[in-house]
Amino acid sequence: PQMEIPTDNPLTEEGIELGRFLFYEKRLSGDNSMSCASCHLIENAFSENQQFSIGIDGIAGNRNAMPLFNLGWEEFFFWDGRKNTLENQILEPVPNPIEMHQNWKQATNKLNADIVYRDRFERAFGEEGIDSIKVSKAIAQFLRTIISSSSKFDVMYKYEYNLPLTSPESDILQSIEVEEWAGYDLFKSLNGADCFHCHNGPLMRVNKFSNNGLDDAFSDLGRALVTNDPNDEGKFKVPSLRNIELTAPYMHDGRFSTLEEVIEHYSSGIHASSTIDP
């Protein structure tokens with residue numbers, strides 16, 4: 009679908025370039041040792057291949073780092089959806105005491121001391137000055153360019169719905185194995201795995217929070233921590249399945265190391281509770 013770009017933060021070449029530099033900028037952390045990319049690695053589809061991330065003070069979080077792609081189509085952010093714009097989400101990790109642990113004034117002072125950054129911000133925003141809002145806007149511009157859209161799944165999806173294929177996509181179509189088509193059929197079959205109810209459409213996810221039966225008692229209340237609604241206990245954002253083989257471990261707490269473990273959970277590991285998804 010068409011990506012909706014905020015009117016107050018249009019994509020520009022200068023803004024995207026600045027955002028990319030800032031995404032890898034370790035001076036945004038209190039001891040200059042951590043950047044956004046420290047927990048969102050390109051080789052893992054901008055996620056991290058360990059259960060919990062470790063901040064600059066050696067403190068571990070309690071949720072798995074989410075991958076960063078197709079964020080321009082998201083309507084809420086973090087596993088509990090506590091932020092409703094990408095720009096607002098970006099503002100949180102820098103001052104977070106278990107992540108980058110630096111107040112925004114100190115972070116922007118470091119950037120202001122660098123003439124190269126002062127020039128880049130002026131080119132990107134058409135005025136002098138660096139502040140947290142401009143930092144978040146630039147990083148958001150960069151993140152909106154990280155798009156996952158070319159895979160066997162896309163070719164299968166387009167073929168199923170009689171959408172035109174490019175010449176390279178037609179070649180991919182010929183390479184798809186019988187077992188892959190069988191898995192695709194199971195994925196979207198009511199009499200099969202029935203995965204598509206939560207992982208549907210080209211983005212491979214529905215826009216909702218769900219309790220998928222991980223526990224019958226919750227050590228992390230998830231969405232309920234935001235809404236204070238008991239009906240939201242144990243519910244977390246439904247993630248996209250794009251790039252899934254690159255983003256292990258799985259679930260909000262990274263409890264599953266392999267996709268086989270994930271499938272086994274849905275086959276035989278469901279725990280019933282009052283908020284479990286039907």
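Heads up: take any position in the sequence shown, counting from 1, add 8, and you land on this note's numbering.
Quick reminder that beta carbons are idealized off the backbone N, C-alpha and C, glycines included.
Item	Value
For serine 243: DSSP bridge partner residues	Looking at the sequence shown, residue 243 is not serine but lysine. According to DSSP, which records beta bridges pairwise, lysine 243 is partnered with Gly230.
Where histidine 48 falls, given that 16 or more other Cβ within 10 Å makes a residue buried	buried
Start-to-end residues for the alpha helix (DSSP H) that takes in leucine 26	21-31
Outcome for glycine 137 when other beta-carbon atoms lying within 10 angstroms are tallied against a minimum of 16	exposed
From Met164, Asn199, Phe204, Lys196, residue whose alpha carbon lies closest to that of glutamate 185	Met164
Coarse secondary structure for alanine 280, derived from DSSP in three states	coil
Exposure label - glutamine 59; buried when at least 16 CB within 10 Å	buried
Nearest neighbour of phenylalanine 29, chosen from Val270, Ala225, Val143, Arg152 [CA to CA]	Val143
beta-carbon glycine 230 near the ligand ZN non-hydrogen atom, thresh 7 Å	The ligand ZN is absent from the structure shown, which contains no ligand whatsoever.
From Ser158, His279, Asn215, residue whose alpha carbon lies closest to that of glutamate 177	Ser158
Beta-carbon contacts of isoleucine 271 that lie in its chain and below 6 Å, excluding the five residues immediately before and after	none
Backbone secondary structure at serine 218 - three-state DSSP	strand
Extent of the continuous alpha helix (DSSP H) to which glutamine 149 belongs	140-151
Separation of methionine 259 from serine 61, as counted between CA atoms	14 Å
Nearest residue (CA-CA) to aspartate 13, options Arg128, Ala148, Ala132	One point to set straight first is that residue 13 is isoleucine, not aspartate, in the sequence displayed. Of the listed residues, the one whose Cα sits closest to isoleucine 13 is Ala148.
Beta-bridge partners of isoleucine 155, as assigned by DSSP	Bridge partners of isoleucine 155: none, in fact.
Collapsed DSSP secondary structure at serine 55 in the structure displayed	strand
Cβ neighbour criterion (16 or more within 10 Å) applied to tyrosine 125	buried
CB-CB length for leucine 76 against arginine 152, believed under 8 Å	The Cβ separation is near 10 Å, so there is no contact.
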